[in-house]
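2 protein chains.
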Amino acid sequence: MAGKVFFSVSMSLDGFVAPESMEGFLATPEQREQDPRLEFWMRQWMELQAWIFPQRFFRENLNLGEGGEEGLDNDIARQAFERTGSSIMGKRMFEGGELAWPEEAPFHTPVFVLTHKQRDPWERPGGTTFHFVNDGIHSALDQARAAAGERDVRIAGGGETILQYLNAGLVDEFSIALSPVLFGAGTRLFDGVDAAKVALEPVRSEPSSRATHLTYAVRPR
Amino acid sequence: MAGKVFFSVSMSLDGFVAPESMEGFLATPEQREQDPRLEFWMRQWMELQAWIFPQRFFRENLNLGEGGEEGLDNDIARQAFERTGSSIMGKRMFEGGELAWPEEAPFHTPVFVLTHKQRDPWERPGGTTFHFVNDGIHSALDQARAAAGERDVRIAGGGETILQYLNAGLVDEFSIALSPVLFGAGTRLFDGVDAAKVALEPVRSEPSSRATHLTYAVRPR
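In order, the protein sequences belong to chains A and B. When you line the first sequence up against this note's numbering, it's residues 1 to 221, in that order. When you line the second sequence up against this note's numbering, it's residues 222 to 442, in that order.
As structure tokens, this is what we get:
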């Protein structure tokens with residue numbers, strides 16, 4: 001039996017999955033250190049993701065050492081990882097991650113990158129191989145499904161890539177860790193959603209002290 | 222002891238508290254009947270508020286008759302009403318409601334309307350009296366606090382009025398009934414929020430089968 005197609009992201013209460021783009025105010029390392037917007041950007045990012053950093057699974061998966069919290073937040077982070085047989089991501093998420101991920105990238109499965117660049121598969125230690133797909137979201141999904149086997153395909157991000165799959169009717173369900181923070185600006189997860197076509201069915205709503213974990217199934221209207 | 226200042230609204234998962242404005246496509250009754258956008262608007266509005274219509278409290282408060290659901294959704298609707306000693310609302314919410322509320326308006330307390338129009342207090346059967354305030358949000362809040370006594374002041378809406386009070390640091394806490402629907406367009410609750418000044422502290426997160434009820438305390442940064 002084929003798995004599901006899902007996404008799982010952290011979202012601010014006002015609907016953002018990333019703070020305002022840093023493009024344009026981070027041209028040089030000196031500018032980075034001096035620009036107060038960076039501190040604001042970092043604080044927003046940390047508050048958005050605050051629920052996951054202390055978790056045992058997060059520490060394990062990034063080889064940050066022993067310990068960490070266990071409980072609902074940890075279980076949810078671990079389950080999102082364990083159900084995933086392959087991931088799909090947009091070009092910009094990949095390019096940012098290429099700079100930021102440790103050598104042992106945290107996916108440990110095949111990852112299909114939507115891009116116009118042609119590039120040979122890039123194999124990382126620990127089981128992550130990035131495949132570069134030049135012929136669109138359906139092709140990437142076909143390849144990701146084949147690679148995932150019976151496990152699920154995760155649309156990893158960013159927001160635009162998630163929305164492309166959602167509006168195309170290709171997402172079965174999704175989870176949001178709703179964080180107690182307001183951004184005011186940034187990348188909105190659902191900006192441009194085709195509300196005339198996408199209906200939601202609540203599956204679970206699980207509060208922790210750090211976030212409210214919401215799961216919805218997607219239904220056509 | 223003075224009460225708290227709060228708001229309590231239903232919000233779509235993508236952050237909207239009202240569908241796209243109908244202004245401009247509802248000029249005449251004939252246009253209303255023929256314009257397919259009205260059906261879409263009504264469906265969005267009904268889905269946003271779907272959690273409250275079946276509740277016993279809602280039926281009681283609008284004199285719709287006996288019966289109705291009891292449980293978490295009903296308790297939450299009733300508590301929001303019972304804690305409220307007075308309300309504040311913007312001009313547009315009042316003008317819409319003036320046409321739509323039954324003669325026995327559903328507030329049953331003093332209501333302070335922010336407006337530039339001068340008008341004598343308007344007393345309705347059932348205990349609601351609308352007072353028209355011409356000198357700003359602080360004056361309206363002073364009057365609403367005095368009228369509320371030991372009970373709380375509710376910023377009833379619309380979204381712009383709520384945001385004025387939130388950005389002015391005058392809101393103590395708020396509740397959101399997060400409904401399982403995506404709007405794509407409309408009035409965003411937090412559009413223009415001053416994220417550099419407003420911090421949130423999670424108070425409660427209570428899921429029902431119809432909505433997720435979120436409560437946050439507002440803290441200055």
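Beta carbons: idealized from backbone N, C-alpha and C, even for Gly.
Determine, using beta-carbon pairs with one atom in the segment 423–441 of chain B and one in the segment 384–393 of chain B, whether at least three such pairs fall under 8 Å.
The segment 423–441 of chain B is in contact with the segment 384–393 of chain B.
Say whether chain A places a C-beta atom closer than 7 Å to the C-beta of valine 424 of chain B.
The residue given as residue 424 of chain B occupies position 203 in the second sequence. Not flagged as an interface residue toward chain A: valine 424 of chain B, since no C-beta distance is shorter than 7 Å.
Shorter than 7 Å from the beta carbon of threonine 212 of chain A to some beta carbon of chain B?
In the first sequence, counting from the first residue as 1, residue 212 of chain A sits at position 212. It does: the Cβ of threonine 212 of chain A has a partner Cβ on chain B nearer than 7 Å.
Could you name the residues of chain A that tyrosine 437 of chain B contacts, counting a contact when the two beta carbons are closer than 8 Å?
Here residue 437 of chain B refers to the residue found at position 216 of the second sequence. What tyrosine 437 of chain B touches in chain A: Leu13 and Pro180.
Return the chain-ordered list of same chain residues with a C-beta closer than 6 Å to the C-beta of phenylalanine 216 of chain B, the five sequence neighbours on each side being excluded.
Within the shown structure, residues of chain B are numbered from 222 to 442, placing residue 216 of chain B beyond reach of any answer.
Own chain partners of alanine 77 of chain A with C-beta closer than 7 Å, once the 5 adjacent residues on each side are dropped
Taking the first residue of the first sequence as 1, we reach residue 77 of chain A at position 77. Close CB contacts of alanine 77 of chain A within its chain, under the 7 Å cut and outside five residues either way in sequence, are with Ile52, Gln55, Phe57 and Phe58 (chain order).
Measure from the C-beta of proline 244 of chain A to each C-beta in chain B and report whether the shortest distance is under 7 Å.
It is not possible to answer for residue 244 of chain A, since the shown part of chain A is limited to 1 through 221.
Bridge-paired residues (DSSP) for glycine 157 of chain A:
The sequence position of residue 157 of chain A within the first sequence is 157, counting from 1. DSSP output for glycine 157 of chain A lists A:Met89 as bridge partner(s).
Thinking just about the alpha-carbon of each residue, which of B:Phe351, B:Leu399, B:Trp322 and B:Gln339 is nearest to the one in threonine 433 of chain B?
Position 212 of the second sequence, counting from 1, holds the residue named residue 433 of chain B. Between threonine 433 of chain B and the set B:Phe351, B:Leu399, B:Trp322 and B:Gln339, the nearest pair of CA atoms involves B:Leu399.
Quick one: residues in its chain with C-beta nearer than 8 Å to the C-beta of glycine 378 of chain B, no 5 flanking neighbours on either side, listed in chain order?
The residue you call residue 378 of chain B lines up with position 157 of the second sequence. Within the same chain, glycine 378 of chain B has close Cβ partners Phe228, Val230, Val238, Met310, Gly311 and Met314.
Under the three-state DSSP convention, the category phenylalanine 53 of chain A falls into:
If you number the first sequence from 1, residue 53 of chain A lands on position 53. Secondary structure at phenylalanine 53 of chain A: coil, using DSSP grouped into helix, strand and coil.
State the DSSP-derived secondary structure class of serine 21 of chain A, mapped to helix, strand or coil.
Position 21 of the first sequence, counting from 1, holds the residue named residue 21 of chain A. It is coil, neither helix nor strand.
With distances taken between CB atoms, is the gap from proline 110 of chain A to alanine 147 of chain A smaller than 7 Å?
As a working note, residue 110 of chain A is residue 110 in the first sequence. As a working note, residue 147 of chain A is residue 147 in the first sequence. In this structure, proline 110 of chain A places its C-beta atom within 7 Å of the C-beta atom of alanine 147 of chain A.
Per-residue DSSP class, three states only, for tryptophan 322 of chain B
Walking along the second sequence from the start, residue 322 of chain B turns up at place 101. It is coil, neither helix nor strand.
Comparing the C-beta of glycine 184 of chain A with each C-beta of chain B, is any distance below 7 Å?
In the first sequence, residue 184 of chain A corresponds to position 184, counting from 1. Chain B, which has a Cβ nearer than 7 Å to the Cβ of glycine 184 of chain A, makes this yes.
6 Å CB neighbourhood of aspartate 415 of chain B in its chain, flanking five on each side removed
Mapped onto the second sequence, residue 415 of chain B falls at position 194. Cβ within range, chain order: Asn388.
Please identify, using Cβ separations under 8 Å, the residues of the segment 276–305 of chain B that lie next to chain A, in order along the chain.
If the cut-off is 8 Å between Cβ atoms, the segment 276–305 of chain B has nothing near chain A.
DSSP three-state call for alanine 168 of chain A: helix, strand or coil?
Mapped onto the first sequence, residue 168 of chain A falls at position 168. Alanine 168 of chain A carries a coil assignment under DSSP once its states are collapsed to helix, strand and coil.
Glutamate 39 of chain A, DSSP secondary structure in three states
Reading the first sequence from its first residue, position 39 is the one you call residue 39 of chain A. Helix, per DSSP.
Can you check whether the C-beta of phenylalanine 411 of chain B is within less than 7 Å of a C-beta belonging to chain A?
On the second sequence, residue 411 of chain B is found 190 positions in, with the first residue counted as 1. For phenylalanine 411 of chain B, the answer is yes, since a Cβ of chain A falls inside 7 Å of its Cβ.
Which same chain residues, not among the five before or five after tryptophan 45 of chain A, have their C-beta less than 8 Å away from its C-beta?
For this step, residue 45 of chain A is matched to residue 45 along the first sequence. These residues qualify, in order along the chain: Ala18 and Pro19.
Per DSSP, the bridge partner or partners of leucine 335 of chain B
Residue 335 of chain B sits at position 114 when you count from the first residue of the second sequence. The partner list for leucine 335 of chain B (beta bridge, DSSP) reads B:Gly311 and B:Val354.
In this structure, does DSSP put leucine 64 of chain A in helix, strand or coil?
Start at 1 with the first residue of the first sequence, and residue 64 of chain A comes out as number 64. Leucine 64 of chain A: coil per DSSP, three-state reduction.
Interface residues of chain B facing alanine 196 of chain A [CB-CB closer than 9 Å]
As a first step, residue 196 of chain A must be located in the first sequence, where it is residue number 196. Taking the beta carbon of alanine 196 of chain A as reference, the chain B residues within 9 Å of it are Phe261 and Gly405, listed in sequence order.
For leucine 269 of chain B, would you say it is in contact with chain A, using Cβ-to-Cβ distances shorter than 7 Å as the test?
Indexing the second sequence from 1 puts residue 269 of chain B at position 48. Between leucine 269 of chain B and chain A, the shortest Cβ-Cβ separation is not below 7 Å.
Which of the three DSSP states, helix, strand or coil, is assigned to glutamate 291 of chain B?
Walking along the second sequence from the start, residue 291 of chain B turns up at place 70. Look at glutamate 291 of chain B here: in three-state DSSP terms it is coil, with no helix or strand label.
Hey, does valine 193 of chain A have any beta-carbon neighbour from chain B nearer than 7 Å?
As a working note, residue 193 of chain A is residue 193 in the first sequence. Yes, valine 193 of chain A lies at the interface with chain B (some Cβ there is under 7 Å from its Cβ).
Of the residues B:Phe302, B:Gly407 and B:Leu435, which one's Cα is nearest the Cα of aspartate 235 of chain B?
In the second sequence, counting from the first residue as 1, residue 235 of chain B sits at position 14. Nearest C-alpha to aspartate 235 of chain B: B:Gly407.
Just to make sure I have the definition right: I need the residues of chain A whose C-beta is within less than 8 Å of the C-beta of leucine 421 of chain B. Which are they?
Reading the second sequence from its first residue, position 200 is the one you call residue 421 of chain B. Here the neighbours are Leu13, Pro180, Val181 and Leu182.
Which residues does DSSP pair with alanine 199 of chain A in a beta bridge?
By one-based count along the first sequence, residue 199 of chain A stands at place 199. When beta bridges are read from the DSSP output, alanine 199 of chain A appears opposite A:Arg219.
Just the Cα atoms here: how many angstroms apart are glutamate 150 of chain A and glycine 85 of chain A?
Within the first sequence, numbered from 1, the residue matching residue 150 of chain A stands at position 150. Within the first sequence, numbered from 1, the residue matching residue 85 of chain A stands at position 85. One alpha carbon belongs to glutamate 150 of chain A, the other to glycine 85 of chain A, and they sit about 8 Å apart.
Closest residue to glycine 405 of chain B among A:Asn134, A:Ser87 and A:Ala199 (Cα-Cα distance)
On the second sequence, position 184 is the one that residue 405 of chain B refers to. For glycine 405 of chain B, the closest alpha carbon among the candidates A:Asn134, A:Ser87 and A:Ala199 is that of A:Ala199.
In or out: alanine 223 of chain B buried (at least 16 other Cβ within 10 Å) or exposed?
In the second sequence, residue 223 of chain B corresponds to position 2, counting from 1. Its Cβ having fewer than 16 others within 10 Å, alanine 223 of chain B is exposed.
Report all residues from its chain with a CB closer than 8 Å to the CB of arginine 409 of chain B; omit the five preceding and five following residues, and keep chain order.
As a first step, residue 409 of chain B must be located in the second sequence, where it is residue number 188. If you ignore the 5 residues before and after arginine 409 of chain B, its C-beta comes within less than 8 Å of the C-beta of Gly236, Phe237, Val238 and Gly380, all in its own chain and listed in chain order.
Tell me which residue opens and which closes the beta strand (DSSP E) that glutamate 150 of chain A is part of.
By 1-based counting over the first sequence, the position of residue 150 of chain A is 150. Here glutamate 150 of chain A belongs to no beta strand (DSSP E), and DSSP marks it neither H nor E.
Quick one: grab the DSSP three-state call for phenylalanine 81 of chain A.
Position 81 of the first sequence, counting from 1, holds the residue named residue 81 of chain A. Correct three-state label for phenylalanine 81 of chain A: helix.
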